[in-house]
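> Residue numbers (our numbering): 17 to 295.
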Amino acid sequence: MAYGTATVRKVTPGCGAEVLGVDLRNPSNSDMETIRAAYRDYGVIFFRDQKLTPEEHISFAQRWGEIDINKFFPANGQYPEIAEVRKEKEQKVNIGGGWHTDHSYDQEPAMGSVLVARELPEAGGDTLFADMYKAYDALSDGLKDTLSTMKAVHSNEAAFGAKGFYKSSDQGGGFKGESLVGQAIHPVVITHPLSGRKALYVNPGFTTHFVGWSMEESKALLDYLHAHATQPQFTCRFEWHDGSIAFWDNRATWHFAVNDYHGEKRLMHRITIGGGPLQ
Ligand code: SIN
Numbered sequence: 017m018a019y020g021t022a023t024v025r026k027v028t029p030g031c032g033a034e035v036l037g038v039d040l041r042n043p044s045n046s047d048m049e050t051i052r053a054a055y056r057d058y059g060v061i062f063f064r065d066q067k068l069t070p071e072e073h074i075s076f077a078q079r080w081g082e083i084d085i086n087k088f089f090p091a092n093g094q095y096p097e098i099a100e101v102r103k104e105k106e107q108k109v110n111i112g113g114g115w116h117t118d119h120s121y122d123q124e125p126a127m128g129s130v131l132v133a134r135e136l137p138e139a140g141g142d143t144l145f146a147d148m149y150k151a152y153d154a155l156s157d158g159l160k161d162t163l164s165t166m167k168a169v170h171s172n173e174a175a176f177g178a179k180g181f182y183k184s185s186d187q188g189g190g191f192k193g194e195s196l197v198g199q200a201i202h203p204v205v206i207t208h209p210l211s212g213r214k215a216l217y218v219n220p221g222f223t224t225h226f227v228g229w230s231m232e233e234s235k236a237l238l239d240y241l242h243a244h245a246t247q248p249q250f251t252c253r254f255e256w257h258d259g260s261i262a263f264w265d266n267r268a269t270w271h272f273a274v275n276d277y278h279g280e281k282r283l284m285h286r287i288t289i290g291g292g293p294l295q
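(1) Return the chain-ordered list of same chain residues with a C-beta closer than 7 Å to the C-beta of K192, the five sequence neighbours on each side being excluded.
(2) Going by beta carbon distance, what residues of the same chain come within less than 8 Å of P293, once the five residues before and after it are set aside?
(3) With distances taken Cα to Cα, identify the nearest neighbour of A154 among K214, S171 and K26.
(4) Nearest by alpha-carbon distance to N275: which of K108, P43, T28 and V24 is it?
(5) Put D11 into one of helix, strand or coil per three-state DSSP.
(6) For H278, which of helix, strand or coil comes out of DSSP?
(7) Where in the stretch 36-66 do unbroken runs of the alpha helix (DSSP H), each at least 4 residues long, occur, reported from the N-terminal end onward?
(8) Hey, would you say D84 sits closer than 8 Å to A151, going by beta carbons?
(9) Taking the alpha carbon of F63 as the reference point, which residue from I98, H242, T23 and D57 has its own alpha carbon closest?
(10) From S120 to F176, what distance separates their C-alpha atoms?
(11) In the DSSP assignment, what are the bridge partners of L11?
(12) Among G30, L68, K281 and T288, which one has its Cα closest to the Cα of D147?
(13) Which of the three DSSP states, helix, strand or coil, is assigned to F76?
(14) Are there 16 or more other CB atoms within 10 angstroms of the CB of Q249, so buried, or fewer, so exposed?
(15) Would you verify that the beta carbon of K183 is, or is not, closer than 8 Å to some beta carbon of chain C?
(16) Can you give me the Cβ contacts of M231 inside the same chain, cut-off strictly under 7 Å, excluding the 5 residues immediately before and after it?
(17) Let me know the beta strand (DSSP E) ranges lying completely inside the stretch 196-253, each 3 residues or longer, listed in chain order.
(18) Is the stretch 282-292 close to the stretch 172-191, with three or more CB pairs under 8 Å?
(19) Could you have a look at K105 and say whether DSSP puts it in helix, strand or coil?
(20) Could you name the residues, in chain order, whose CB is less than 5 Å away from a heavy atom belonging to the ligand SIN?
(21) What did DSSP end up calling T117 once you bin it into helix, strand or coil?
(22) Considering only their Cβ atoms, is the gap separating G59 from D265 smaller than 8 Å?
(23) Please report the straight-line C-alpha distance between V218 and E106, rounded to a whole angstrom.
(24) State the beta-bridge partners of E100 as determined by DSSP.
(25) Under 8 Å, do K167 and V227 count as touching if we go by C-beta distance?
(26) With DSSP as the reference, please indicate the residues paired to D147 in a beta bridge.
(27) Between H73 and I98, is the Cβ-Cβ spacing less than 8 Å?
(28) On a CA-only basis, which of D258, G189 and Q78 is nearest V132? Give me that one, please.
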């Protein structure tokens with residue numbers, strides 16, 4: 017499919033698209049229109065063979081909104097806007113190694129994240145994505161109706177708290193902001209602010225329970241929704257190479273960084289772009 021001079025190619029029928037023929041250092045207006053349309057339509061878009069410096073990475077992200085400086089992740093010393101998704105060859109735990117969407121615990125969840133590959137293992141370290149429009153569309157009318165009035169609590173305490181997953185792991189030294197953990201309540205089904213389409217908005221990383229439901233009751237339905245949403249037909253797998261970039265919409269997709277490269281280093285630069293309240 018072509019929107020402007022650049023072309024857009026689906027990665028799988030269910031998830032993601034690659035934008036070809038653009039240089040993100042200096043995209044033309046028509047390229048930007050293509051990228052905006054692909055981002056809106058596919059929720060996660062990929063670029064190859066890019067040569068962005070950290071400054072150009074920041075400039076590209078600023079085209080979309082204000083940068084949301086990460087309170088928890090290790091920062092790049094020189095560029096506070098850039099969070100480092102790093103795993104050294106001695107470390108066992110990676111960052112983002114389970115299905116989640118970024119910042120759902122914020123009152124105004126982040127719009128999107130731009131992830132640039134900086135150092136890659138010889139093989140592995142792919143990222144999986146899942147499309148929450150497709151997952152929502154495939155639910156029965158009965159379950160859609162039930163979910164339509166429900167709200168869920170999202171918390172980052174189990175991930176980033178003082179006794180949370182990362183602090184208790186071999187990533188702990190780099191993590192910060194334990195006292196800044198918090199939670200937010202969002203509708204279980206959102207109307208996406210860019211596309212106007214309905215998307216499922218819970219995720220295994222941060223959704224703890226449904227408002228008005230017990231933890232046990234919530235777990236049963238959340239487990240069902242999580243298993244439903246990660247079926248292969250709603251997902252794609254992105255293999256990173258030098259120059260690869262993924263740009264995902266946190267309101268329309270989930271992602272999962274595969275931790276299958278022990279003994280090798282992987283370093284990614286992530287910039288997260290601020291969003292707004294969800295309806
Ligand atoms: C993340 O969860 O933001 C990191 C994804 C990745 O490193 O592939």
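Just so it is clear, CB atoms sit at the ideal spot from N, CA and C, and this is done for glycine as well. Note that the structure is predicted; figures quoted are calculated from it, not measured.
Considering the structure as presented:
(1) F88
(2) Around P293: Q123 and E124.
(3) K214
(4) K108
(5) The requested residue 11 does not occur in the structure, where the chain is confined to residues 17 to 295.
(6) Residue state, collapsed to three classes: coil.
(7) 45-58, all fully within the stretch 36-66.
(8) With respect to A151, D84 sits apart: the two C-beta atoms are not nearer than 8 Å.
(9) T23
(10) 13 Å
(11) The shown model of the chain, from 17 to 295, leaves out residue 11, and the question about it has no answer.
(12) G30
(13) helix
(14) exposed
(15) In summary, chain C is missing from the structure at hand, where a single protein chain is found.
(16) H225
(17) Counting only runs that start and end inside the stretch 196-253, the beta strand (DSSP E) elements of at least 3 residues fall at 199-203, 205-207, 214-216 and 223-226.
(18) no
(19) coil
(20) V101, G112, T143, A273 and M284
(21) Under the three-state reduction of DSSP output, T117 falls in the coil class, being neither helix nor strand.
(22) If you check the CB distance, D265 and G59 come in under 8 Å.
(23) So the two alpha carbons sit approximately 33 Å from each other.
(24) H285
(25) yes
(26) T269
(27) yes
(28) D258
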